[in-house]
Amino acid sequence: MSFCFNFDVPAQTTNTNDVDGNGLQSGKKDNAVTDAQDNTKPAEPAKEAKEHLPPSDPQFLLMDSVSETVTIGTLPPLHFLNETVFEKTASEREDGEEILSRTAEQSSDLIPGMYEGGLKVWECTYDLLELIEKDGETFGGKAVLDLGCGAGLLGILALKRGARHVHFQDYNSTVIEQLTVPNVILNCQEDDDIESEDDKDGRGKGKIQEEDGCKERLKEKQEVKDSSSPPKKRAADLSQHPLLAKCRFFSGDWSTFLALVLKTGPQPKYDIIFTSETIYNTAYYPALHETLHKLLAPDGLVYLATKSHYFGVGGGLHLFETFVEQRGIFSVDHLWDGDEGLQRHVVVLRFKLPKDT
Ligand SMILES: C[S@@+](CC[C@H](N)C(=O)[O-])C[C@H]1O[C@@H](n2cnc3c(N)ncnc32)[C@H](O)[C@@H]1O
1 MSFCFNFDVP AQTTNTNDVD GNGLQSGKKD NAVTDAQDNT KPAEPAKEAK EHLPPSDPQF
61 LLMDSVSETV TIGTLPPLHF LNETVFEKTA SEREDGEEIL SRTAEQSSDL IPGMYEGGLK
121 VWECTYDLLE LIEKDGETFG GKAVLDLGCG AGLLGILALK RGARHVHFQD YNSTVIEQLT
181 VPNVILNCQE DDDIESEDDK DGRGKGKIQE EDGCKERLKE KQEVKDSSSP PKKRAADLSQ
241 HPLLAKCRFF SGDWSTFLAL VLKTGPQPKY DIIFTSETIY NTAYYPALHE TLHKLLAPDG
301 LVYLATKSHY FGVGGGLHLF ETFVEQRGIF SVDHLWDGDE GLQRHVVVLR FKLPKDT
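Numbering (the UniProt record's numbering), first residue to last: 1 to 357.
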């Protein structure tokens, strides 16, 4: 399994910022930033935001959907659905947005405006997870937002490390319902349930490998061999699980997500906002920047994990940094820059000046 990028933009999708289809190599960097500022209209109507409540019987959800999970890391271990689950079971799943069927048809990791890539774990997420592991951040008492969460691994790590609450947002409701929420629930189960399976198999914890220039964390897969009989312990308790009670889940476009959270009462301010692999499309920068601006606590931090360039889509770190600089709200510091060939980065954004509240 590879975590290398496979952005497959359909021919009918017009990216006004990527005139020659070569992203940053077009030499139109400055124009692209200007376009992003002016281009506040998405190609399709903004996807309306909504909040998703965890199912009243989450254990049932797990029994229905988990056939294979992956476990990574040790501090603490994280468990999540293997992306191949969706390939195998797409036809059996609720797919109101039709993203499971359409991504399968088009063999595409991204259909701008329809499906923004949340069904798989993107490699920069692993970079940021690794940095957090090394750094030993505890998240104790912090309010955390995993923005553009997909599988939700960053938010889940913060949750397991003592965050006061964690909110998850993804563009697609299908991603939230079929992947993010199940993953959180999976991690609410005692790790013992899964680790005992590891022990039975005699398999160790994860390792890191280089493969085809793409740094891939080949953590041991833990297959739940009989998916009709997953762990049944604590079924009734899971819906009341204290970790799950700390979470809220949202889908929708960033502009409507921001409007929703600002109108639903006390205005949330996040101490930490994670956002991984979310700056590939310059047309989304205004809404993304506004969301960070309005939702970050005055002394909060945005951890952004990203590639340098997103070929075929047009965005990338240089364009985003230029955009942020022009707005004058945040400073950007590089926490980690990958080796020359890898072209991946983790940066942190913070307010330039103490913000009025
Ligand atoms: C490539 S996926 C990355 C998923 C996950 N963060 C990871 O690293 O594995 C990009 C994510 O950004 C979010 N996203 C992109 N554009 C968005 C937009 N205009 N409004 C809301 N969310 C958006 C989607 O939720 C999507 O899951």
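By construction, the Cβ of each residue, glycine as well, lies at the ideal position given by its N, Cα and C atoms.
Note that the structure is predicted; figures quoted are calculated from it, not measured.
Legend entry - DSSP beta-bridge partners of residue 360: In the structure as shown, the chain starts at 1 and stops at 357, and residue 360 therefore has no counterpart that could be examined.
Inset, instruction - Would you give the residue range spanned by the alpha helix (DSSP H) that Lys134 belongs to? - result: Your numbering for residue 134 matches position 134 in the sequence shown. Residues 123 to 135.
Inset, instruction - Output the boundary residues of the beta strand (DSSP E) element that contains Gly300. - result: Stepping through the sequence shown from its first residue, residue 300 is reached at position 300. Note, Gly300: beta strand (DSSP E), 296 to 307.
Inset, instruction - Could you tell me if Pro77 is buried or exposed, where buried requires 16 or more neighbouring beta carbons within 10 angstroms of its beta carbon? - result: Numbered from its first residue, the sequence shown carries residue 77 at position 77. By the Cβ neighbour-count rule, Pro77 is buried, with 16 or more other Cβ atoms within 10 Å of its own.
Inset, instruction - Just tell me which of Thr264, Leu260, Leu301, Tyr285 has its CA closest to the CA of Tyr270. - result: By 1-based counting over the sequence shown, the position of residue 270 is 270. The residue with the shortest Cα to Cα distance from Tyr270 is Leu301.
Legend entry - Cutoff 6 Å; reference His293; Cβ partners in own chain excluding five residues on either side: What you label residue 293 is simply residue 293 of the sequence shown in a count that begins at 1. So the qualifying residues of the chain are Ile329.
Legend entry - Identified DSSP bridge partners for Tyr115: As a working mapping, residue 115 is identified with position 115 in the sequence shown. Ile111.
Legend entry - Nearest-angstrom Cβ-Cβ length linking Thr174 and Gly96, presumed shorter than 8 Å: Position 174 of the sequence shown, counted from the first residue, corresponds to residue 174. Position 96 of the sequence shown, counted from the first residue, corresponds to residue 96. About 7 Å separates the Cβ atoms of Thr174 and Gly96, confirming a contact at the 8 Å cut-off.
Legend entry - Euclidean distance between Cα positions of Ile72 and Phe274: Counted from its first residue, the sequence shown places residue 72 at position 72. Counted from its first residue, the sequence shown places residue 274 at position 274. Spanning the two alpha carbons is a distance of roughly 19 Å.
Legend entry - For Tyr126 and Arg217, the rounded distance between their alpha carbons: Within the sequence shown, the letter at position 217 stands for residue 217. Within the sequence shown, the letter at position 126 stands for residue 126. Only weak support is given to the placement of Arg217: the predicted model assigns it a pLDDT of 41, under 50, and the question is left unresolved by the model.
Inset, instruction - Compute the minimum distance between the beta carbon of Gly315 and the heavy atoms of ligand 1, and state whether it is under 6 Å. - result: Locating residue 315 in the sequence shown gives position 315, where the first residue counts as 1. It does not: the Cβ of Gly315 is nowhere closer than 6 Å to a heavy atom of ligand 1.
Inset, instruction - Give the DSSP-derived three-state secondary structure of Gly338 in the structure shown. - result: In the sequence shown, residue 338 corresponds to position 338, counting from 1. If DSSP states are grouped into helix, strand and coil, Gly338 belongs with coil.
Inset, instruction - Taking all protein chains shown into account, decide if Gly204 is buried (16 or more other Cβ within 10 angstroms of its Cβ) or exposed. - result: Position 204 of the sequence shown holds residue 204. With a pLDDT of only 33 at Gly204, under 50, the local geometry of the prediction cannot be trusted, and the value read off the model is given with reservation. Classification for Gly204: exposed.
Inset, instruction - Kindly indicate which three-state DSSP category His345 falls into: helix, strand or coil? - result: Reading the sequence shown from its first residue, position 345 is the one you call residue 345. DSSP places His345 in strand when its eight states are reduced to three.
Legend entry - Residues whose Cβ lies closer than 5 Å to any heavy atom of ligand 1, in chain order: Glu116, Gly117, Gly118, Val121, Trp122, Thr125, Gly148, Gly150, Asp170, Tyr171, Asp253, Trp254, Ser276, Glu277, Thr278, Tyr284
Legend entry - Buried versus exposed call for Gln189 [16 or more other C-beta atoms within 10 Å across all chains shown]: As a working note, residue 189 is residue 189 in the sequence shown. Burial call: buried.
Legend entry - Burial state of His167 (16 or more Cβ within 10 Å): For the purposes of this step, residue 167 is identified with residue 167 of the sequence shown, where counting begins at 1. It is buried - the Cβ of His167 has at least 16 other Cβ atoms within 10 Å.
Legend entry - Rounded separation between Ser227 and Val85 - CA only: Numbered from its first residue, the sequence shown carries residue 227 at position 227. Numbered from its first residue, the sequence shown carries residue 85 at position 85. Low per-residue confidence applies at Ser227: pLDDT is 37, beneath 50, and the placement is therefore not dependable enough to give any value.
Inset, instruction - Mark His345 as exposed unless 16 or more other C-beta atoms lie within 10 angstroms of its C-beta, in which case mark it buried. - result: The residue you call residue 345 lines up with position 345 of the sequence shown. Buried, because 16 or more other Cβ atoms sit within 10 Å of the Cβ of His345.
Legend entry - Backbone CA spacing between Trp254 and Ala46 [nearest angstrom]: Stepping through the sequence shown from its first residue, residue 254 is reached at position 254. Stepping through the sequence shown from its first residue, residue 46 is reached at position 46. Trp254 and Ala46: Cα-Cα distance of roughly 9 Å.
Inset, instruction - Go to Val70, then tell me how far its beta strand (DSSP E) extends in each direction, as first and last residue. - result: Indexing the sequence shown from 1 puts residue 70 at position 70. Run containing Val70: 69 to 72, per the beta strand (DSSP E) assignment.
Inset, instruction - Measuring alpha carbon to alpha carbon, tell me which of Asn82, Phe139, His318 ends up nearest Gln178. - result: Along the sequence shown, one-based indexing puts residue 178 at 178. Restricting attention to Asn82, Phe139, His318, the CA atom closest to the CA of Gln178 is found in Asn82.
Legend entry - Option in His318, Glu321, Val313, Pro298 with minimal Cα separation from Asp353: Here residue 353 refers to the residue found at position 353 of the sequence shown. Going by the sequence as given, residue 353 is Leu instead of Asp. Per the Cα distances, Pro298.
Inset, instruction - Go ahead and label Asp339 buried or exposed: buried means 16 or more other beta carbons lie within 10 angstroms of its beta carbon, across all protein chains shown. - result: For the purposes of this step, residue 339 is identified with residue 339 of the sequence shown, where counting begins at 1. Result: exposed.
Legend entry - Run of the beta strand (DSSP E) containing Glu51, from where it starts to where it stops: Residue mapping note: residue 51 aligns to position 51 of the sequence shown, counting from 1. The continuous beta strand (DSSP E) containing Glu51 extends over residues 50 to 52.
Inset, instruction - Look at Thr282 and Gly314 and say whether their C-beta atoms are less than 7 Å apart. - result: As a working mapping, residue 282 is identified with position 282 in the sequence shown. As a working mapping, residue 314 is identified with position 314 in the sequence shown. With respect to Gly314, Thr282 sits close: the two C-beta atoms are nearer than 7 Å.
Inset, instruction - Take Pro54 and list the residues in its own chain whose beta-carbon comes closer than 8 Å to its own, dropping the five residues that flank it on each side. - result: On the sequence shown, position 54 is the one that residue 54 refers to. Closer than 8 Å at the Cβ level, and outside the excluded window around Pro54, lie Val181, Val184, Ile185, Ser239, Leu244, Cys247, Phe249.
Inset, instruction - State yes or no: is the C-beta of His79 within less than 7 Å of the C-beta of Thr69? - result: Along the sequence shown, read from residue 1 onward, the residue named residue 79 stands at position 79. Along the sequence shown, read from residue 1 onward, the residue named residue 69 stands at position 69. Contact: yes.
Inset, instruction - Flag this pair as yes or no: are the beta carbons of Thr291 and Gly148 separated by less than 7 Å? - result: Start at 1 with the first residue of the sequence shown, and residue 291 comes out as number 291. Start at 1 with the first residue of the sequence shown, and residue 148 comes out as number 148. No; because the gap between Cβ atoms is not below 7 Å, this pair is not in contact.
Legend entry - Complete runs of the beta strand (DSSP E) confined to the stretch 309 to 337 [at least 3 residues]: 330 to 337
Inset, instruction - Please report how far the alpha carbon of Ile111 lies from the alpha carbon of Ser331, in whole angstroms. - result: Working through the sequence shown from its first residue, we reach residue 111 at position 111. Working through the sequence shown from its first residue, we reach residue 331 at position 331. Those two C-alpha atoms are separated by around 31 Å.
Legend entry - Between the CA atoms of Tyr285 and Leu262 - distance to the nearest angstrom: One-based indexing of the sequence shown puts residue 262 at position 262. One-based indexing of the sequence shown puts residue 285 at position 285. Straight across, the Cα-Cα distance linking Leu262 with Tyr285 is about 19 Å.
Inset, instruction - Out of Phe351, Asn187, Leu128, state which residue places its alpha-carbon closest to the alpha-carbon of His241. - result: Translated into positions along the sequence shown, residue 241 becomes position 241. The shortest C-alpha separation from His241 is found at Asn187.
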